[in-house]
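Those letters in the sequence shown? Residues 15 to 551, by the numbering used here.
A short worksheet on the structure shown next.
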Amino acid sequence: MADQAKETAAQRAERIKREKDGLDVFEDIVRYSRLGFDAIDPEDRDRFKWYGVYQQKPNEGHFMLRLRLPNGEISASQLDLVAELTDRYARGYGDVTTRQNIQLHWLTIEDLPDVLTSLREAGISSVHACGDTPRVVVGCPVHGADCDEIHDARDLLMQVNGLFVGNREFSNLPRKFKMSIGGCALRCAQPEINDVGICAVTRERRGGVEVGFDLSVGGGLSTQPKLGVRLPVFLRPEQVAPTCLAVGELFREHGNRDKRTAARLKFLVEEWGGERFLEDLQRRVDFTFDPDVPPVPELPRQRDHLGIRPQKQAGLHYVGLATRLGRLTGEQMRVVASLAREFGDGTIRFTNNQNVIVLGVPTAQVDEVVRLANNALLPPDGDVWQRNFVACTGAQFCNLAVTETKRAPGEDSPAEQMLTTLQARLAHFQHFVRINYNGCPNSCGQHWIADIGLQGVKFKDTTGTSVEGVLVTVAGGLGRTSRFSRPTGIKLPLPVVGDALVGLFSAFEAQATEAEDDLGDWLAARSDDELRVLLGA
Ligand code: SRM
Ligand code: SF4
């Protein structure tokens with residue numbers, strides 16, 4: 015056995031994975047639930063992640079549980095169960111995540127066997143939701159319903175998810191591995207920032223149009239954001255699953271296992287380049303990749319599906335509801351479940367903006383759904399602020415956070431203050447805007463792709479006092495022009511951020527000539543010095 019005292023973080027992580035597959039830790043969770051928190055071997059605690067269980071901060075015996083909801087999908091009865099568990103074990107609230115999942119906090123080791131077993135019996139998995147594993151496959155939350163969709167890729171997504179989840183062949187990857195498979199024309203599933211990004215495309219063919227899939231690899235955010243590299247391949251639907259498996263194998267075999275910070279697929283793609291990557295991939299599949307790819311289409315900047323929209327099925331609508339900062343009480347979960355069951359077709363899907371969509375609502379029932387959703391503080395259209403303000407977990411629970419972001423529903427927090435200020439002072443604002451707030455540089459809240467990215471930092475103010483604040487980044491976005499937000503160097507103490515943003519957006523409004531004027535372009539054209547003045551920094 016290695017000298018554990020001298021191990022690097024990567025050596026430790028690799029040894030822990032080699033010595034026991036995280037998938038074998040369930041029995042230990044049951045055993046520790048009888049022995050108590052203090053008996054937990056720290057290495058087993060690391061393996062708990064393979065069941066979506068993560069030690070929460072402060073480390074006083076509580077855990078976070080991340081569910082695995084491929085395509086963000088959950089049924090009404092499943093959400094009822096999650097609501098019940100939320101109230102019984104998680105102090106009454108949970109989070110919708112930027113990968114369309116639900117997370118609960120405050121679970122104890124004693125609670126875990128009951129919670130995990132109840133979820134499993136209801137068909138909800140948390141397997142491979144955390145750890146060095148194939149994470150949940152994200153997708154378009156209106157797969158199968160969107161009138162403009164290119165291809166309903168839901169079944170394909172579920173097939174790929176099923177091939178990876180709980181598969182021991184992929185249970186020891188060098189690092190987390192994230193896939194996105196989407197069929198909508200908006201590419202709302204953000205293929206550009208996933209390790210594997212697959213989205214539906216069409217190309218002209220004699221006699222008509224052929225539907226296939228585009229493939230990009232090595233996208234990701236974190237401290238070193240990279241856009242996925244588009245490979246010159248046109249995938250037929252039946253080639254998607256074998257291609258995903260091949261990328262997973264390639265990553266497993268060639269990903270960097272010596273340095274955690276260089277282990278993600280994006281670094282391998284960067285080192286090899288697309289050409290070599292594709293050559294290796296070609297050797298792993300039993301078909302020849304078709305290089306005839308269509309041009310990248312013009313993509314809009316706003317790529318979500320919130321609001322009330324007709325479905326491709328005549329007489330049905332889907333209704334998107336805006337959460338407040340991604341936090342849902344058990345009661346709100348029950349309302350969403352009952353809306354889906356009583357008025358919709360029972361399907362609920364979470365979005366990567368931490369919102370939720372109820373599908374299959376007959377036209378005649380839409381008004382009632384809107385009324386009940388508003389009563390539950392889940393406005394169907396949401397104003398621009400609530401709909402597009404994303405906040406990661408932050409210091410309340412996160413081990414890596416530098417600053418606080420949000421707190422329990424109804425409690426004051428920096429994100430709540432910012433959102434309330436914007437809603438109160440710029441209620442009329444109509445332009446598309448995306449604000450993403452992270453408690454640290456890891457970008458779980460995706461600040462790199464926001465118009466306004468807020469990254470939690472500690473810094474010294476003008477009096478030399480250390481304060482909590484944000485570093486402002488601007489003009490990021492996916493779509494028409496994919497670009498990461500630009501760090502401005504401007505740091506604002508948390509209490510002034512809301513007012514500072516009001517000043518900035520008011521200046522934009524004063525200069526914008528048309529409702530369609532683009533905030534992202536305007537921000538991109540402002541120098542850091544100009545922004546500093548507009549933000550009052
Ligand atoms: Fe994340 C680690 C929360 C999406 C990049 N992330 C963490 C931990 C586990 C840190 C910790 O030790 O506590 C956070 C758990 C806090 C808690 O108790 O909730 C955490 N990440 C989240 C969530 C809940 C943020 C949210 O509020 O929505 C998201 C859960 C997604 C899910 O359901 O699976 C979440 N994390 C992301 C994303 C966004 C995405 O995937 O599109 C990213 C950037 C994309 C990417 O991976 O490149 C992201 N999280 C990270 C990183 C940096 C990874 C890296 O490559 O360097 C870490 C730290 C690490 O892994 O070492 C991290
Ligand atoms: Fe935690 Fe940082 Fe991720 Fe926020 S961005 S959840 S603070 S690791």
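Heads up, the beta-carbon is just placed ideally off N, CA and C, and yes, glycines get one too.
Which of the three DSSP states is assigned to Thr361 in this structure? Under the three-state reduction of DSSP output, Thr361 falls in the strand class.
Would you mind stating whether Asp554 and Ala24 have Cβ atoms separated by less than 8 Å? Residue 554 is absent from the model: the chain starts at 15 and stops at 551.
I need the straight-line Cα distance from Gln296 to Val247, nearest angstrom please. The straight-line gap from Cα to Cα measures roughly 10 Å.
When the Cα atoms are used, what is the spatial distance from Thr365 to Thr112? One C-alpha to the other measures close to 7 Å.
Which value, in whole angstroms, describes the spacing of the CA atoms of Arg26 and Gln18? Approximately 7 Å, taken between the alpha carbons.
Coarse secondary structure for Val299, derived from DSSP in three states: In the three-state reduction of the DSSP assignment, Val299 falls in the coil class, being assigned neither a helical nor a strand state.
What number of angstroms, rounded off, separates the C-alpha of Gly374 from the C-alpha of Ser520? Going by the C-alpha atoms only, they are around 39 Å apart.
For Gln444, is the classification buried or exposed, using 16 other Cβ atoms within 10 angstroms of its Cβ as the cut-off for buried? Exposed: under 16 other Cβ atoms inside 10 Å.
According to DSSP, is Gly490 part of a helix, a strand, or is it coil? Gly490 sits in coil when the DSSP states are folded into three classes, being neither helix nor strand.
Backbone CA spacing between Ser140 and Leu440 [nearest angstrom]: Straight-line Cα distance between these residues: approximately 40 Å.
Please indicate yes or no: does the CB of Thr407 lie closer than 7 Å to some heavy atom of the ligand SF4? Checking every heavy atom of the ligand SF4 against the Cβ of Thr407, one is found closer than 7 Å.
Span separating the alpha-carbon of Val310 from that of Gly424: Between Val310 and Gly424, the C-alpha separation is close to 44 Å.
If distances are taken between C-alpha atoms only, which option among Asp535, Glu528, Arg250 and Ala277 comes closest to Asn448? The sequence as given places Arg at residue 448; Asn does not occur at that position. In terms of CA proximity to Arg448, Asp535 leads the group Asp535, Glu528, Arg250 and Ala277.
Can you have a look at Met15 and say buried or exposed, based on whether 16 or more other CB atoms are within 10 angstroms of its CB? Confidence at Met15 is low in this model, with a pLDDT of 49, below 50, so its placement is unreliable and no value can be given for it.
Exposed or buried, which one is Lys280 when buried takes at least 16 other CB atoms within 10 Å? Buried, since its Cβ has 16 or more Cβ neighbours within 10 Å.
Using only alpha-carbon positions, find the residue among Glu418, Gly287 and Glu293 that is nearest to Thr257. Of Glu418, Gly287 and Glu293, the residue nearest in Cα terms is Glu293.
Per DSSP, which residues does Phe191 bridge with? Please list them. DSSP output for Phe191 lists Pro148 as bridge partner(s).
Backbone secondary structure at His119 - three-state DSSP: In the three-state DSSP reduction, His119 falls in the strand class (E or B).
C-alpha distance - Val404 paired with His268, whole-angstrom precision: Spanning the two alpha carbons is a distance of roughly 34 Å.
Are Pro205 and Gly242 close, meaning C-beta to C-beta below 8 Å? Their beta carbons are under 8 Å apart, which means Pro205 touches Gly242 by this criterion.
Where do the ends of the alpha helix (DSSP H) carrying Ile371 lie? Per DSSP, Ile371 lies in no alpha helix (DSSP H); the unbroken beta strand (DSSP E) holding it starts and ends at Val370 to Pro376.
Short Cβ contact (8 Å threshold) for Arg250 with Phe191: Cβ atoms of Arg250 and Phe191: not closer than 8 Å.
Taking all protein chains shown into account, do 16 or more other C-beta atoms lie within 10 angstroms of the C-beta of Phe301, making it buried, or fewer, making it exposed? Exposed, since its Cβ has fewer than 16 Cβ neighbours within 10 Å.
Can you give the Cα-Cα distance for Asp52 and Glu418, rounded to whole angstroms? The C-alpha of Asp52 lies about 28 Å from the C-alpha of Glu418.
In the DSSP assignment, what are the bridge partners of Val215? Looking at the DSSP assignment, Val215 forms a beta bridge with Gly226.
Secondary structure of Ser480, DSSP reduced to three states: It is a strand residue.
What first and last residue would you give for the beta strand (DSSP E) that runs through Glu87? Here the beta strand (DSSP E) through Glu87 covers Glu87 to Ser89.
By how many angstroms is the C-alpha of Tyr107 removed from the C-alpha of Thr337? The alpha-carbon atoms of Thr337 and Tyr107 are separated by roughly 12 Å.
Please return the same chain residues whose Cβ sits closer than 6 Å to the Cβ of Ile3, not counting the five positions on each side in sequence. An answer regarding residue 3 cannot be provided, because it is not within the stretch 15 to 551 covered by the chain.
Inspect the beta-carbon positions of Leu436 and Val516 and report whether they are closer than 8 Å. Yes, the Cβ-Cβ distance between Leu436 and Val516 is below 8 Å.
Quick check: what's the CA-CA separation for Cys454 versus Pro509? Looking at the two C-alpha atoms, the distance is approximately 17 Å.
On the three-state DSSP scale, how would you describe Pro309? Residue state, collapsed to three classes: coil.
Taking all protein chains shown into account, decide if Val486 is buried (16 or more other Cβ within 10 angstroms of its Cβ) or exposed. For Val486, the number of other beta carbons within 10 angstroms of its own is at least 16, and it is reported as buried.
DSSP three-state assignment for Gly158, whether helix, strand or coil: Of the three classes helix, strand and coil, the one that applies to Gly158 here is coil, per DSSP.
Where Gly329 and Thr343 are concerned, what is the direct C-alpha to C-alpha distance, given to the nearest angstrom? The straight-line gap from Cα to Cα measures roughly 31 Å.
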